Amino acid sequence: MRILREFIIEKLVLLCGLASIFFVVLIFLFLLREGLALFTTISPAAFLAGKSWYPISEPPQLGILPLILGSLVVTFGAALISIPIGVGCAIYIAEIAPKWIKEILKAGIELLAAIPSVVLGFIGMITLVPLVKTVFHLPTGLTALSGSIMLAFMAMPTIVSIAEDALYSIPKTYKEGALAMGATHWQAIWRVMLRAASSGILAAIMLGIGRVIGETMAVMMITGNAAVIPHSLFVPVRTLTATIAAEMGEAVIGSEHYAALFAIGIVLFVISFAINVTADLYLHKRQ
Amino acid sequence: MTMNPYRTQRIAFSLLFAANALILVLVGFVVVIIVQKGLPAITWQFLSDVPRDGMRAGGIFPAIVGTLYLVAGAIVFALPIGLLAAIYLSEYARDNLLTRLIKLSIVNLAGVPSVVYGLFGLALFVVFFKFGASILSGSLTLGIMILPLIITASREALESVPQSFREVSLSLGASKWQTIRHIVLPNAIPGILTGTILGLGRAAGETAPILFTVAAFYLPLLPGSIFDQVMALPYHLYVISTQVPNVDEKMRYGTAFVLLALVLSMNLVAIVIRYKFRMKKKW
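Just so you know, the protein sequences line up as chains A and B, in that order. Numbering of the first sequence is given in this note's numbering, commencing with residue 33 and proceeding in unit increments. Numbering of the second sequence is given in this note's numbering, commencing with residue 5 and proceeding in unit increments.
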């Protein structure tokens, strides 16, 4: 009896353990199931490199290049801002801050991570968008730049916490060795600690960028949503995520437009998969 | 000319401090502005009334109720699966390829963009299983989304229980499951609770996964069954911020305040539990 119960429980627990694999596969399969239908009417190359996205014109034009470039521009801007600031925060928290300041900073970062993205989008709409408009004398503040600034802010918890873990896991002897050789504290951090933790920090940056590419609500609320190929940071753009969120409500289930939105989902899934697997490899390399 | 290394250090440390101060100030700014402008909007009527006048007046009661239903549904689904998965990883799994694959899947599940969860929920629950846009579809979608969070937190809690506890129990003749059930789990409960509450907060705040699976634009009625649509706080904030013109700022800030208060209070509870547990921990 007892052996039977142990056996059943062990199998049940194993089954739940496998649930994560099951769900990842299921997500991919259902994206394919709805999205692949698109490629009976349009080639993958025309979809990825097509320059116009007019999903409701007749016939619909379903090229997502403007959306890909929109996502890239916003992500590039966000990376430019968030990488130096985020890694800087992590270094300060892990290496320099006294314990009580460290606790406050970590609580602040945790607080930021908890704020829902729609709330940040709302605040961005009301404060950041008018600010960008006045500072840069633009016709509208709903631009890629506004999105980049907001997303840089939203990527911060991911970058800081993972980079801080990476620095924290480097043996203290590395730093002590450098200090004993007469290096200043900063020299020890810059030349020894950062180098030793580089693969973990790289993983932190990648996961932060993954967070930026996948972010939806805030980006949809403050980037202006114009599906045209962007030539600078100061114009409205529409990202991959915002396109899905904004248009799925109107797309007829089973239509070409519906399939195209799922195909965009496939693109996003593949990007996030690649980023997460690579980041995971870097994190494991360290150990 | 080379700089004096101590001067370089002073400059570097100041910059690093400034980076942190900047983030802290911005976070503070967001919270303060929402509290300052949102709190005056909070009246009993705002919390208990339905939206009126094209969502420009009245309250947000249906959205609050909707969000509570969705969060409850998500946790009912995700907690048992997540906890058992964590038990597998912490107590049963060997260090082999399968375990590595499971861990990689958890990382990937956590990294899937929230709007892709929305697509998945639409394709699987709304269309394939024909649940329609409903509490059931939305809860299941949110449940799968918070699964990695619950597994990771529970696993950490289980693994932090010292190995010697298990050994003593096993040496007294208890079976593996008896040991887990009576020794490991009770000692891991605070950590599991913390992860669960953080998952609740995450589910309450997400918008993209519920866009096409459950959220109603305007629906003053309360749901009668799990196959009904509901309004939800994050979606309501999105709607009155971008879709409905001429909404009083007070309504928007009020809604943002309620949502933020809900999410942050959950986080606060989680932090308190964690803190109390650390104080009490004897090993």
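A virtual CB, placed ideally from N, CA and C, is assigned to each residue, including glycine. From a predicted model like this one, the values you see are computed outputs, not experimental measurements.
Asked: Taking its Cβ as the centre, do 16 or more other Cβ atoms sit within 10 Å of A:TYR86, making it buried, or is it exposed?; Found: exposed
Asked: Is there at least one Cβ from chain A nearer than 9 Å to B:TYR279's Cβ?; Found: no
Asked: Over the uninterrupted alpha helix (DSSP H) stretch that includes A:ALA184, give me the two end residues.; Found: 176–200
Asked: Could you check whether B:GLU171 and B:SER94 sit closer than 9 Å to each other, using their CB atoms as the reference points?; Found: no
Asked: With 9 Å set as the bound, which would you pick, yes or no: does the beta-carbon of A:ILE115 sit closer than that to a beta-carbon of chain B?; Found: no
Asked: How would you write the range of the alpha helix (DSSP H) that A:TRP132 sits in, first residue to last?; Found: 131–146
Asked: For A:SER230 and A:ALA111, I'd like the C-alpha separation in whole angstroms.; Found: 17 Å
Asked: What three-state label does DSSP hand B:ARG206 in the structure shown?; Found: helix
Asked: Taking just the CA atoms, how far does A:SER103 sit from B:SER245?; Found: 23 Å
Asked: Since B:THR47 and B:ILE110 should fall inside the 8 Å C-beta cutoff, what is the C-beta to C-beta distance between them, to a whole number of angstroms?; Found: Wrong, their Cβ atoms sit about 43 Å apart, outside the cutoff.
Asked: Can a CB atom of chain C be found closer than 9 Å to the CB of A:ASP197?; Found: As a matter of chain content, chain C is missing from the structure shown, whose protein chains are A and B.
Asked: What does B:LYS180 touch in chain A if you count any residue whose Cβ is under 9 Å from its own?; Found: GLU38, ILE41, GLU42
Asked: Looking at the strands, I want to know which residues DSSP matches up with A:TRP85.; Found: A:LEU94
Asked: Using a Cβ-Cβ distance cut-off of 9 Å, determine whether A:ALA51 contacts chain B.; Found: yes
Asked: At the level of alpha carbons, what is the spacing between A:ALA274 and B:LEU87?; Found: 33 Å
Asked: Using a C-beta to C-beta distance shorter than 9 Å, which residues of chain B count as neighbours of A:VAL309?; Found: LEU108, VAL111, ASN112
Asked: Could you give the residue range of the alpha helix (DSSP H) that holds B:LEU123?; Found: 118–125
Asked: Is the Cβ-Cβ distance between B:GLU253 and A:ILE158 less than 9 Å?; Found: yes
Asked: Are the beta-carbon atoms of B:ASP57 and B:PHE65 separated by less than 9 Å?; Found: no
Asked: Residues of chain B with CB under 7 Å from A:ALA146, in chain order?; Found: GLY205, VAL267, LEU268, ASN271
Asked: Would you call B:TYR222 buried or exposed, if buried means 16 or more other Cβ atoms sit within 10 Å of its Cβ?; Found: exposed
Asked: Excluding the five sequence neighbours on either side, which residues of its own chain have a C-beta within less than 8 Å of the C-beta of A:GLY232, listed in chain order?; Found: ILE194, ALA195, ASP197, ALA198, LEU199, SER201, TYR314, LEU315, ARG318
Asked: Could you give the distance in angstroms between the alpha-carbon of B:GLY203 and the alpha-carbon of A:LYS204?; Found: 34 Å
Asked: Expressed to the nearest angstrom, what Euclidean distance is found between the alpha-carbon atoms of B:THR71 and B:MET255?; Found: 18 Å
Asked: Please go through the same chain and pick out, in chain order, the residues whose beta-carbon is closer than 7 Å to the beta-carbon of B:HIS240, but skip the five residues on each side of it.; Found: ILE64, ALA67, THR259
Asked: Whose CA, out of B:LYS280, B:VAL36, B:VAL251, lies closest to the CA of A:LEU144?; Found: B:VAL36
Asked: With respect to the alpha helix (DSSP H) encompassing B:HIS240, which residues constitute its N-terminal and C-terminal limits?; Found: 237–242
Asked: Counting only beta-carbon atoms, is B:ASN24 nearer than 9 Å to chain A?; Found: yes
Asked: Anything in the stretch 229–248 of chain B with a Cβ closer than 7 Å to a Cβ of chain A? List those residues in chain order, please.; Found: PRO238, LEU241, TYR242, SER245, THR246
Asked: I'd like to know if B:PRO117 contacts chain A, where contact means its C-beta is closer than 9 Å to some C-beta of that chain.; Found: yes
Asked: Could you tell me which residues DSSP puts in a beta bridge with B:ALA3?; Found: Because chain B is modelled from 5 through 287, residue 3 of chain B falls outside the range shown and cannot be assessed.
Asked: Let me know if B:TYR10 comes out buried or exposed under the rule of 16 or more other beta-carbons within 10 Å of its beta-carbon.; Found: exposed
Asked: Would you please verify whether the beta carbon of A:GLU135 is less than 9 Å from any beta carbon of chain B?; Found: no
Asked: Let me confirm a value: B:MET283 is counted as buried when at least 16 other C-beta atoms fall within 10 Å, else exposed. Which label applies?; Found: exposed
Asked: For B:ALA61, which beta-bridge partners are listed by DSSP?; Found: B:ARG56
Asked: Taking Cβ to Cβ, would you say A:GLU38 is nearer than 9 Å to B:SER143?; Found: no
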